[in-house]
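Step one of this worksheet: look at the structure below.
Now the structure itself:
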């Protein structure tokens, strides 16, 4: 099989006919599959079944306070210790919250708007303009937060080492640039790990805005599905060493360790930030759900145990990712019509189809009964400048369904690519 | 025993000596009691023990969706139905949230600031000034929310029928007045039920601000400890009938039905408000903890069952409130140095000591080892203009401890009162 770009016109027409037939065949199957979100599947959920049977009542006071009543805003002391070990920080740097780190992130930005962060000259709501750096492709829900507050999102290119730091270092000279999103380990959707150099450069940023905040969303901190657990630098320590102690807030949760939506989240930050934020949160909450914190503490115990549990998640996920990659390797790669990254952790495979075809592929998939993350969703304002990136989320469907979905996906990539080639032939002719 | 105001100087001096001796005696006991917050006690918590043993895993999909995974932002359908029955509204009017209605209230105000409410001309953060009506004495955490956003709080007097509506109707003519706090059933701290007339007048308000919001905190909707459950009007329906459909948001939670901090909260509002708010919440959360929603649904079942459970809570609380009232009746009432309300539900007894003595009483109590809600806390900015109101929270301590605490409290009320009398004698003499 030669690359599609080397096909002559007749070959393209023939290929188009073949792929169209494949696509029609796929459509006729009446599939109804959802590959849109990074949701754990049934087998993964079952790994946490026992958590729901733990004697939380009898152990109610073992977490460093009574988990059954009001109070202890910053979270059960032993739960703070648990997350501290996981993140490689100090327990005093950890605030344990409710069921979602996304809410903690949103709330932090909301408080920046209404009250200001620790070093804000005024609340962001009083500023003419707030700009935020969005390495892209990235996590759509980060961008939704920005949009909700009317921020101006500035797209930063992603490299295979993390965000393009030359760009970032230049952009932070603008005092209107107030922060930056990062998913440093198994980035959503590319699945890459930020290199040590990138992390160092982030820690050493000298932003013009005194209240610039690095939103360090460590969503996949223990989420390897291939190979051993990868140790990861403590951004809090690195920032402190660079004199940027208050510049970063780190977020994590058990959403993809235990049960999504019924897990426990946390943030970690400097002592001064903790004081500032805790004071603001005092108006918002008496305490978060400490019974669920306790339930997680009893079930997850410590980092070692978490990593053992994540091995089981990994064993369920690996065949799925293998399936995605092998289908792409077989059907798409030889044609030279898509690039993709082979992640070892996280929840996604990021596919870069032929520029100008992502939206078309999304529509074709939708018509064939397979819902993907919307094309463009991984970019600020939903606009992928190349109309190329598609995020594959293989965790939720069964292996058999995934196989079918990937067949359709490969067909759609091919169909959109050959349509594009034929289109440019037409343009050349006319 | 005659009233203190009728004592002559010598009687006052003698009384002062007696009460000082009582107080010293109390201090020598080394008490360490907390009557500061409306926290359920151990016996009440135990009523929900079985909830923690329910087979939530097996029942995971019985609430109208899979409770174990992301999604269903507005809450499990059957949990929405459950709260709808409790509040006497429609299921579609209910949004089921996380562990705390306080957070839902804070979040609503936060969104008013950053995005605006449904009928806001602009986000409140862009306004010169935002004023909020605070019937007082009231719930200190409502006032903390106002303070956190820099609102100007306007104190509205409480009558035994609810907020002074003549005042309210006058004040809402100011377009800078953006809303009002209400705890309509067993108001915190007075424990009174708003009269039908007051509720009607609230529903029929004609505020100048198009986005005026009634924060209807129905915290004690089923929280009778004496007598039968008292049916309560549906404020949503009344507002709708008055052409004010979007003016009110109602809040409730199971914090004092099951476990405080580990319960489930909700808000209820018009269809248009629901649409507006859900869209904004989409940026903040993927979903709230549906496993805990399910756990509550399985345990609480329906309104009838909730009322039966609340009877058990009431049986635990009643002797505590009886103790508070009987001590006050015996020790304080005959001296004419305090007024207090005899509630039939809720969590507090509101005591109006001799004007100018509440802070002194709080300090005396603290010195004797009994922590009360801070004097003034029940008023905006922590300032009770009469320095008179004290909130007694008898639920958390044991009956025996409560008896001791109330003895000290009565002694402190007397001591502060006689000090005040002697002081005015001194003033008259000099």
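Chains as they are written, first to last, in this note's numbering: chain U, 349 to 778; chain S, 349 to 778. Every residue gets a Cβ at the ideal spot worked out from N, C-alpha and C, and that includes glycine.
Would you say residue 404 of chain S faces chain U, with C-beta separation under 9 angstroms as the test? yes
Can you confirm whether residue 722 of chain S, when its beta carbon is compared against all beta carbons of chain U, has any partner nearer than 9 angstroms? no
Using 8 angstroms as the cut-off, can you tell me whether the stretch 759-769 of chain U makes contact with the stretch 357-370 of chain U, which would need three or more C-beta pairs spanning the two stretches below that distance? yes
Determine which residues share a DSSP beta bridge with residue 510 of chain S and list them. Per DSSP, S:507 and S:508.
Examine chain A for any beta-carbon lying closer than 9 angstroms to the beta-carbon of residue 730 of chain U, and answer yes or no. Judged by its chain identifiers, the structure shown contains no chain A, and its protein chains are U and S.
According to DSSP, is residue 590 of chain U part of a helix, a strand, or is it coil? Three-state result, residue 590 of chain U: coil.
Buried or exposed (CB count within 10 angstroms, at least 16 for buried), residue 536 of chain S: buried
Rounded to the nearest angstrom, what separates residue 617 of chain U and residue 598 of chain U at their Cα positions? 6 angstroms
Where the stretch 595-625 of chain S meets chain U: residues whose CB sits under 9 angstroms from a CB there: Residues 603, 607, 608, 609, 610 and 611.
Between residue 584 of chain U and residue 563 of chain U, what straight-line distance do the alpha-carbon atoms span, to the nearest angstrom? 12 angstroms
By DSSP, does residue 358 of chain S sit in helix, in strand, or in coil? Residue state, collapsed to three classes: helix.
Does residue 634 of chain S come within less than 9 angstroms of chain U when only Cβ atoms are used? The Cβ of residue 634 of chain S sits closer than 9 angstroms to at least one Cβ of chain U.
At 8 angstroms on the CB atoms, spell out the chain U contacts of residue 473 of chain S, in chain order. 461, 462, 471, 473 and 474
With a threshold of 6 angstroms on Cβ separation, who are the neighbours of residue 547 of chain U within its own chain once the five nearest residues in sequence on each side are excluded? 581
What do you get for residue 613 of chain U, buried or exposed, if any count of 16 or more other CB atoms within 10 angstroms of its CB means buried? Under this definition residue 613 of chain U is a buried residue.
Excluding the 5 residues preceding and the 5 following residue 392 of chain U in the sequence, name in chain order all residues of the same chain whose CB lies nearer than 6 angstroms to its CB. 661 and 664
Report the residues of the stretch 429-454 of chain S with a CB closer than 8 angstroms to any CB of chain U, ordered along the chain. Per Cβ criterion, the list reads 446, 447, 448, 450, 451 and 454.
Name the DSSP bridge partner or partners of residue 578 of chain U? For residue 578 of chain U, which the question treats as bridged, DSSP gives no partner whatsoever.
Measure from the C-beta of residue 631 of chain U to each C-beta in chain S and report whether the shortest distance is under 9 angstroms. yes
If we count the other Cβ atoms within 10 Å of its Cβ and call it buried at 16 or more, is residue 591 of chain S buried or exposed? Exposed: under 16 other Cβ atoms inside 10 Å.
Short CB-CB distance (under 9 angstroms) between residue 559 of chain U and chain S: no
Leaving out the 5 sequence neighbours to the left and right, which residues in its chain are closer than 6 angstroms to residue 528 of chain S when beta-carbon positions are compared? These residues qualify, in order along the chain: 481 and 562.
Are the CB atoms of residue 698 of chain S and residue 782 of chain S within a distance shorter than 9 angstroms? There is simply no residue 782 of chain S to check, as chain S begins at 349 and stops at 778 in what is shown.
Helix, strand or coil: which one does DSSP assign to residue 616 of chain S? strand
Taking residue 458 of chain S as the query, report the chain U residues whose CB atoms sit under 9 angstroms from its CB, ordered along the chain. 455, 458, 459, 461, 462 and 632
So with CB distances below 8 angstroms, who are the chain U contacts of residue 628 of chain S? 496
CA-to-CA distance, residue 443 of chain U to residue 615 of chain U, given in whole angstroms: 5 angstroms
Please identify the residue among S:414, S:456 and S:412 whose C-alpha is closest to the C-alpha of residue 622 of chain S. S:456
Member of S:609, S:466 and S:382 whose CA lies at the smallest distance from the CA of residue 418 of chain U: S:609
Cutoff 6 angstroms; reference residue 478 of chain S; Cβ partners in own chain excluding five residues on either side: 472, 499 and 526
If I'm right that residue 601 of chain S touches residue 711 of chain S with Cβ under 8 angstroms, what's the distance once you round it to whole angstroms? Contact flag wrong, Cβ pair sits at about 33 angstroms.
Assign residue 690 of chain U to one of two classes, buried (16 or more other C-beta atoms within 10 Å of its C-beta) or exposed (fewer than that). exposed
For residue 659 of chain S and residue 395 of chain S, I'd like the C-alpha separation in whole angstroms. When only Cα atoms are considered, residue 659 of chain S and residue 395 of chain S end up about 11 angstroms apart.
Counting only beta-carbon separations shorter than 9 angstroms, does residue 639 of chain S have a partner in chain U? Chain U contact via Cβ: present.
Compare the C-beta of residue 415 of chain U against all C-beta atoms of chain S and say whether one is closer than 9 angstroms. With 9 angstroms as the cut-off, residue 415 of chain U counts as an interface residue toward chain S.
If we ignore side chains and look at the alpha-carbon of each, how far apart do residue 502 of chain U and residue 674 of chain U end up? Distance between the alpha carbons of residue 502 of chain U and residue 674 of chain U: 35 angstroms.
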